[in-house]
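Numbering (our numbering), first residue to last: 280 to 405.
Cβ atoms here follow ideal geometry from the backbone N, Cα and C, with glycine treated the same way.
Structure first, commentary second.
Written as structure tokens, this is what we have:
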């Protein structure tokens with residue numbers, strides 16, 4: 280077996296050149312640190328007067344550029360999922376909740392999952 284390996288090495292035509300003259304480099308882009316990131320205003324949402332609140336716990340930008348927010352308004356007991364267009368203009372109230380909407384995430388083109396919670400200081404999820 281050793282003799283066979285020796286024969287292969289002597290038949291090779293591979294030539295190795297020392298140095299970096301003919302080698303390519305793979306450059307990795309530098310990722311900015313958190314203090315180097317400068318926030319910019321993308322859009323302002325136009326919320327109907329009767330749905331304005333001081334607290335908007337969740338805002339999600341969808342892949343098509345539209346925006347969803349979970350809103351608590353009125354006497355603080357009204358909760359709704361609101362949809363806004365790419366321009367920030369209110370389109371429609373998607374659904375209202377009797378429980379406090381805690382979080383939301385995009386699932387598919389027309390599906391959003393909403394976590395509901397805070398009943399006697401315990402969280403439950405649907």
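Can you tell which of 356, 348 and 368 has its C-alpha closest to the C-alpha of residue 336? As a working mapping, residue 336 is identified with position 57 in the chain shown. The residue with the shortest Cα to Cα distance from residue 336 is 348.
Give the secondary structure of residue 366 by DSSP, where H, G and I count as helix, E and B as strand, and everything else as coil. Along the chain shown, one-based indexing puts residue 366 at 87. Three-state DSSP puts residue 366 in coil, outside helix and strand.
Which term fits residue 409, buried or exposed, when burial requires 16 or more other beta carbons within 10 angstroms of its beta carbon? With the chain covering only 280 through 405, there is no way to say anything about residue 409.
Decide if residue 346 is buried, meaning its Cβ has at least 16 other Cβ atoms within 10 Å, or exposed. By one-based count along the chain shown, residue 346 stands at place 67. The residue is buried, with at least 16 neighbouring Cβ atoms inside 10 Å.
How close, in whole Å, do the beta carbons of residue 350 and residue 341 come, if the pair is a contact with beta carbons under 8 Å? As a position in the chain shown, residue 350 is number 71, starting the count at 1. As a position in the chain shown, residue 341 is number 62, starting the count at 1. Going by Cβ atoms, the distance from residue 350 to residue 341 rounds to 16 Å, so no, they are not a contact pair.
Classify residue 327: buried if its beta carbon has 16 or more other beta carbons within 10 angstroms, exposed otherwise. Here the question's residue 327 lines up with position 48 in the chain shown. Counting Cβ neighbours within 10 Å, residue 327 comes out exposed, since fewer than 16 surround it.
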